[in-house]
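**Student:** Count along the sequence shown from 1, then add 524; that gives the number in my numbering.
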Amino acid sequence: MERVPNTLVYRRVRENVRMLTRHRTVADKVVPACPDWTVRELVAHLGKVCATAFGREWAEAPAPEPPGESAGIPELLAHWEKLAGEFEQAVARGVAEMDALLIADAVVHEGDIRVVAGQPMPAGHPAFMSTMDLGIWGFSQSLISRGLPALSIESGDLRWVAGEGEPAATVRGGLHDLIRSFAGRRTYQQIAGLSWSTDPGPWHEAFTWGPFTPPAAPIE
525 MERVPNTLVY RRVRENVRML TRHRTVADKV VPACPDWTVR ELVAHLGKVC ATAFGREWAE
585 APAPEPPGES AGIPELLAHW EKLAGEFEQA VARGVAEMDA LLIADAVVHE GDIRVVAGQP
645 MPAGHPAFMS TMDLGIWGFS QSLISRGLPA LSIESGDLRW VAGEGEPAAT VRGGLHDLIR
705 SFAGRRTYQQ IAGLSWSTDP GPWHEAFTWG PFTPPAAPIE
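1. Take the Cβ of residue 619 as the centre, count every other Cβ of all protein chains shown within 10 Å, and call the residue buried at 16 or more, exposed below.
2. Suppose you measure from the CA of residue 613 to the CA of residue 624; what does that come to, to the nearest Å?
3. Per the DSSP calculation, residue 733 is bridged to which residue(s)?
4. Give me, in chain order, the residues of the same chain whose beta-carbon lies closer than 6 Å to that of residue 652; leave out the 5 immediate sequence neighbours on both sides.
5. Among residues of its own chain, excluding the 5 on either side of residue 588, which ones have a beta-carbon nearer than 8 Å to its beta-carbon?
6. For residue 658, count neighbouring Cβ atoms within 10 angstroms of its own Cβ and tell me buried if that reaches 16, exposed if not.
7. Assign residue 748 to buried or exposed, taking buried as 16 or more other Cβ atoms, counted over all protein chains shown, within 10 Å of its Cβ.
8. DSSP three-state call for residue 743: helix, strand or coil?
9. Could you name the residues of the same chain whose beta carbon sits closer than 7 Å to that of residue 734, not counting the 5 residues immediately before and after it, in chain order?
10. Do you know offhand how far residue 679's Cα is from residue 646's?
11. Within its chain, find whatever has a CB closer than 6 Å to the CB of residue 528; leave out the 5 residues flanking it on each side and keep chain order.
12. Under the rule that 16 or more other beta-carbon atoms within 10 Å means buried, what is residue 690, buried or exposed?
13. Please report the straight-line C-alpha distance between residue 688 and residue 648, rounded to a whole angstrom.
14. Please determine whether the Cβ atom of residue 689 lies at a distance below 7 Å from any heavy atom of the ligand SAH.
15. Identify the continuous beta strand (DSSP E) that holds residue 694 and give its terminal residues.
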């Protein structure tokens, strides 16, 4: 899959979130992957992450005041758009970097909103490659810290190795399914439903890493 510049990827995610939340009925729905948040609160989170992810030493002006607690999704999206526009200009000036962490957070939450809206993730989403980079890195650290053997991860003609040493097994799946598995959105049973070359049990615990833990029951 061809890699797309991160600024363009981030813009696509914002456009997708705007499309997914255009109906007011979505705003107050609870997000299954983030049950403490409604869709409106999740959109507010995306703006906050954009403002704070890398500090604002790159900014030429103070951060705009965030919308109030009662702001609707259109106001929250406008705030996020302004912040992201400043960020993109800073990237163009070479004083900021829009790396995989920001992209991964946004695309994982785009997937969360798609579950609420009943809209599947596009098969060729341009954020998949940078999000997989972060997922593989985090999963690798989890394998290493637990002393688990390396795992070959494949999707189509793409291949990564997570962990250290020669892979002891292979897991195959679509990019979206792999990303959702690494991001704590799939149960152990769903993860086991990927195509494994052997019993996946020994690797299950490694899917808990950073802020991510597989849910006890399916959320999507």
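Built from N, CA and C at the ideal position, the CB exists for glycine as well.
Quick caveat, the model's predicted, so the values are computed rather than measured.
**Tutor:** Based on what the coordinates show:
1. Exposed, by the Cβ-count rule.
2. Cα to Cα, the separation comes out at about 18 Å.
3. Beta-bridge pairing links residue 733 to 736.
4. These residues qualify, in order along the chain: 699.
5. Around residue 588: 603, 606 and 607.
6. Answer is buried; the Cβ neighbour count reaches 16.
7. The requested residue 748 is not part of the displayed model; the chain covers only 525 to 744.
8. In this structure, residue 743 counts as coil in the three-state DSSP scheme.
9. Cβ within range, chain order: 662.
10. Cα-Cα distance, rounded: 16 Å.
11. The answer, listed in chain order, is 650.
12. Classification for residue 690: exposed.
13. When the Cα atoms are used, residue 688 and residue 648 turn out to be separated by approximately 29 Å.
14. The ligand SAH is absent from the structure shown, which contains no ligands of any kind.
15. That run of the beta strand (DSSP E) goes 693-696.
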